[in-house]
Amino acid sequence: MAKAARKKTPVAPMIEFSRSRDIPFNRIRLSDSNVREIDVEDGLDELTHDIDRREDIVQGLNVRAVLDADGAETGDFETPAGGRRYRAIARLVAAGRFPADGLVPCLVKKANAKTSAVDDSYAENVIRMALHPLDQFKAFKRMVDDGMSKEEVADAYRTTPRYIAQRLRLARVAPSLLDAYARSEMTLAMLEAFTVNPHHARQEQVWEAIQRSHNRQAWHIRDLLTETTVPTDDKRALFVGVDAYEQAGGVMLRDLFSDEEEGWLENLELLDRLVSDKLKAIADEVAAEGWKWVSVDTDLPYGHDRGLRVLAGTFLDLTDAERATREALREEYERLEAENADCDELPDDVDARLGEIEAALAAFEKRPTIYDEAEIARAGVFISIGRAGELVVARGYVRPEDEAPVEVEDQDNATDGEPGAQTGAVAAHAGVQRAVITIGGEPVDAEDEEDDTIKPLPERLVIELTAHRTLALHDALANNPHVAMTALLHRMVMERYHYSAPTGCLEITVRQQRFGVQGADLSDTPSAKAIDERFAAWKADVPSDEGALWDWIAALDEASRMALLAHCVSYGVNALYERPNPHSGSGVSQFGLDRRLSGADRIARATGFDMVADGGWRPTVDNYLGRVTKPRILEAVREGAGERAAQLIGHLKKGDMAKEAERLLAETGWLPEPLRLADLDDDGAGASDDGDGEALPDFLAGGGEDDESVDAEDEQVVLVAAE
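Residue numbers (the working numbering): 72 to 794.
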């Protein structure tokens with residue numbers, strides 16, 4: 072039998088593209104088949120500018136031959152697809168930038184084309200995809216990296232340098248966040264918010280935090296990224312000036328996507344130093360006037376002038392020239408108001424001039440005050456910063472102890488008509504006395520004026536030291552699952568059976584604490600590094616899906632479950648000191664602070680925690696010795712290295728003494744009081760957890776005028792939770 076013939080599958084003919092050729096522009100015309108008929112002039116300025124600047128076109132015209140009545144080609148062409156490019160070239164011809172018969176690259180539609188001219192025109196305008204914004208950001212960055220300036224890129228694409236700067240900033244966000252944006256996991260507004268802080272690690276940290284939060288608003292992202300900075304409208308920043316801060320090497324964070332161009336100052340220590348230096352210079356000028364004391368602070372405490380007598384001075388009269396100037400300004404002000412009385416809105420120049428006149432007239436009202444020379448010798452001055460960053464100088468306050476004593480006649484030695492000797496009379500000062508200047512309650516020249524009194528530690532230093540202890544306790548508890556379980560159960564039983572308010576040292580909500588005023592060395596401690604490594608190790612294994620996470624935890628062996636429990640519970644430890652708030656509403660109470668610190672001691676004892684061996688803490692000039700008084704330095708050396716060592720450095724100036732003390736204490740294991748375990752056998756050492764609220768140790772006591780105080784912005788520690 073003959074084999075059945077196999078059926079052959081028909082093969083489609085191979086595609087043959089239309090050919091390209093150069094055609095004189097004056098032989099091309101617009102086609103009636105072009106589907107774009109509305110707003111045909113829109114965007115032509117930009118397109119014409121682009122062709123002109125590059126002296127070329129990126130894409131040629133799509134044309135068809137014009138036929139005569141017999142179907143023969145006439146040599147002319149029409150363009151159904153490319154009308155905007157045709158119009159742009161026509162503009163260049165009219166402007167003399169391109170010859171009328173200049174050659175234009177064209178794709179000439181083949182004679183046997185299967186599609187119509189209308190079909191081609193429609194396809195060109197519809198079957199295309201706009202560039203993803205992320206591709207635009209990266210393209211601009213590549214142009215700048217290849218040598219173009221922001222201004223050149225802006226001119227090329229008919230936009231502003233600010234717009235290009237914004238896109239460049241977006242392109243420099245952490246790659247992982249750009250990938251999330253490309254996957255539509257965040258909006259453009261969210262991505263813009265991340266540009267506020269250039270540090271990729273911090274950007275990724277905040278991104279991870281907000282994915283677990285219901286709040287993904289752009290403003291919330293900005294708040295998290297700038298939580299340890301100072302905004303430019305802060306009075307300290309206004310007082311110093313952003314320019315002075317940047318000239319001193321300060322780093323600025325700026326929001327290019329805000330109409331107000333918001334900014335934040337990142338180097339807080341530098342800002343505080345600039346504020347202090349400027350206030351000190353002003354205080355020196357005021358002190359030269361002969362005042363007994365000058366008290367300087369960025370924020371004067373409420374009631375700082377309570378009980379003080381205010382001097383009644385006299386105002387300096389205006390000179391004849393000043394009176395004439397004032398009258399001339401008043402007349403000019405009245406004339407401008409009359410000339411523009413019928414205007415609904417004042418012209419800008421007139422409005423500005425009226426403002427200048429108002430300021431000048433106000434200055435005449437602030438006349439210098441003249442005080443009695445004898446009164447100046449017993450009075451003082453308060454210097455501070457106002458809400459708008461302006462300098463506030465309040466002169467003429469007399470403390471009760473500086474008042475002149477009442478004159479009493481000595482009856483025994485008095486003669487007829489002659490007053491007796493005056494006891495306790497204040498002698499008139501000869502020349503200008505040297506004022507005692509204090510900044511934040513601490514004498515500026517304290518080194519040469521210190522007595523041997525052991526004063527309370529500065530509050531900011533206590534906060535920084537207890538921040539070190541808190542972080543070290545995190546690591547110690549994470550390495551001891553048994554104690555972590557005990558602490559967790561203790562916390563829960565106290566709350567369930569004793570109805571205890573959550574005021575202990577263990578906060579049951581798991582969060583990552585951020586220390587707003589920590590020392591610069593905190594992140595380099597062994598504890599911080601161990602915590603970061605442990606977090607990264609668990610993160611690599613923990614599923615992101617909530618349901619999968621439950622199953623994963625359930626499948627862990629007992630040792631792993633306990634290790635993970637200890638790791639998470641450890642984040643709840645809070646051993647930070649902060650100033651107790653006697654009023655309800657915010658902050659911690661004295662009772663709560665007592666329980667917090669005693670709870671921290673309990674965990675430290677249970678874990679066998681050693682702040683030196685485990686926490687890696689050593690006294691240095693930066694973290695302690697350079698921050699306390701000379702008596703405190705000598706006390707530390709006496710306790711750590713012995714009386715003989717203390718005697719050897721007792722004659723040194725404070726700076727040299729601190730350096731020598733650092734060397735002497737390096738290997739002694741000495742710790743300041745805030746880092747020590749409270750001695751349970753000592754009376755009043757720490758507070759019990761039964762709610763009695765015993766007194767705090769001496770290093771936390773105080774609060775009077777003699778205490779070493781800190782800037783007002785550091786009076787309370789702020790813990791920011793990354794949800």
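Don't be surprised by glycine CBs; every beta carbon is placed ideally from N, CA and C.
Continuous beta strand (DSSP E) stretch holding residue i: start and end
i: Ser-347; result: Looking at the DSSP string, Ser-347 is not in any beta strand (DSSP E); the run it does join, the alpha helix (DSSP H), is 339-358.
i: Asp-93; result: 90-95
i: Leu-174; result: 174-179
i: Arg-325; result: 323-325
Close-in-space but distant-in-sequence residues of the same chain around residue i (CB under 6 Å, 5 per side omitted)
i: Arg-540; result: Ala-646, Leu-746
i: Val-842; result: This structure gives no information on residue 842, because the portion of the chain shown stretches from 72 to 794.
i: Lys-437; result: none
i: Ala-498; result: Caution applies to Ala-498, whose pLDDT of 34 falls short of 50 and renders its modelled position unreliable; the model cannot decide the point.
i: Ala-431; result: Leu-400
Cβ pair residue i, residue j closer than 8 Å
i: Ile-109; j: Thr-150; result: no
i: Leu-627; j: Leu-620; result: no
i: Val-659; j: Ala-558; result: no
i: Glu-733; j: Val-692; result: yes
i: Ala-308; j: Leu-336; result: yes
i: Leu-115; j: Gly-154; result: no
i: Ala-865; j: Thr-678; result: In the structure displayed, the chain extends from 72 to 794; residue 865 sits before or after that span and is not available.
i: Glu-263; j: Ala-289; result: yes
i: Pro-702; j: Ile-525; result: yes
i: Val-381; j: Val-452; result: no
i: Asp-123; j: Arg-168; result: yes
i: Ala-45; j: Leu-542; result: Nothing about residue 45 can be reported from this structure: the residues present for the chain run from 72 to 794 only.
i: Thr-297; j: Leu-324; result: yes
i: Val-367; j: Ile-508; result: yes
i: Ser-89; j: Lys-180; result: yes
i: Phe-148; j: Val-134; result: yes
i: Leu-735; j: Val-708; result: yes
Where the alpha helix (DSSP H) through residue i begins and ends
i: Ser-366; result: Counting along the chain, Ser-366 falls outside any alpha helix (DSSP H), though it belongs to the beta strand (DSSP E) covering 364-367.
i: Ser-641; result: 629-641
i: Ile-508; result: Taken as a continuous stretch (DSSP letters only), Ile-508 belongs to no alpha helix (DSSP H), being part of the beta strand (DSSP E) at 507-510.
i: Trp-335; result: Per DSSP, Trp-335 belongs to no alpha helix (DSSP H); it is in the beta strand (DSSP E), 334-336.
i: Pro-372; result: Per DSSP, Pro-372 belongs to no alpha helix (DSSP H) and is neither H nor E.
i: Leu-259; result: 259-265
CA-to-CA distance, residue j to residue i, given in whole angstroms
i: Phe-208; j: Leu-239; result: 6 Å
i: His-203; j: Ile-281; result: 25 Å
i: Ala-506; j: Tyr-442; result: 16 Å
i: Gly-686; j: Ala-611; result: 26 Å
i: Gly-378; j: Ala-475; result: 16 Å
i: Arg-650; j: Ser-631; result: 39 Å
i: Asp-388; j: Lys-363; result: 26 Å
i: Val-137; j: Ala-182; result: 11 Å
i: Ala-549; j: Arg-233; result: 48 Å
i: Glu-402; j: Asp-305; result: 38 Å
i: Asp-127; j: Asp-121; result: 9 Å
i: Glu-489; j: Val-346; result: Its pLDDT being 43, under 50, Glu-489 is placed unreliably in this model, and the value from its coordinates should be taken loosely. Roughly 55 Å between the two C-alpha positions.
i: Glu-765; j: Ala-352; result: In this predicted model, Glu-765 has a pLDDT of only 39, less than 50, meaning its place in the structure is not dependable enough to derive any value.
i: Ala-188; j: Asn-105; result: 8 Å
i: Val-469; j: Arg-449; result: 6 Å
i: Ile-428; j: Thr-396; result: 11 Å
i: Ser-571; j: Arg-666; result: Legend: pLDDT at Ser-571 = 49, less than 50; position of this residue unreliable, value from coordinates given subsequently. Cα to Cα, the separation comes out at about 11 Å.
i: Leu-407; j: Arg-162; result: 50 Å
i: Arg-344; j: Ala-253; result: 43 Å
i: Glu-604; j: Pro-614; result: 18 Å
i: Leu-170; j: Val-129; result: Residue 170 is actually Pro in this sequence, not Leu. In a straight line, the C-alpha of Pro-170 is about 18 Å away from that of Val-129.
CB contact check: residue i to chain B, cutoff 8 Å
i: Ser-366; result: The chain inventory of the structure shown lacks chain B, comprising one protein chain alone.
Bridge partners - residue i, DSSP secondary structure assignment
i: Tyr-468; result: Val-381, Gly-451
i: Glu-144; result: Leu-138
i: Val-100; result: In the sequence as displayed, the identity of residue 100 is Arg instead of Val. Its beta-bridge partners are Glu-149.
i: Met-456; result: According to the sequence shown, residue 456 is Ile rather than Met. According to DSSP, which records beta bridges pairwise, Ile-456 is partnered with Leu-462.
i: Thr-440; result: Phe-386
Cβ-based neighbour list, residue i, same chain, cut-off 7 Å, excluding 5 preceding and 5 following
i: Glu-731; result: Ile-720, Leu-723
i: Val-244; result: Leu-262, Phe-265, Thr-266, Gln-274
i: Asp-139; result: Thr-145
i: Met-728; result: Lys-701, Ile-704, Ile-720
i: Leu-350; result: Val-367, Ile-454, Ile-510
i: Gln-237; result: Leu-327, Phe-328
Residues of its chain near residue i, where Cβ-Cβ distance is below 8 Å and the 5 sequence neighbours each way are ignored
i: Asp-93; result: Leu-174, Val-175, Pro-176, Cys-177
i: Thr-440; result: Gly-384, Thr-385, Phe-386, Leu-387, Arg-466, Gly-467
i: Val-313; result: Thr-303, Met-323, Gly-334, Leu-336
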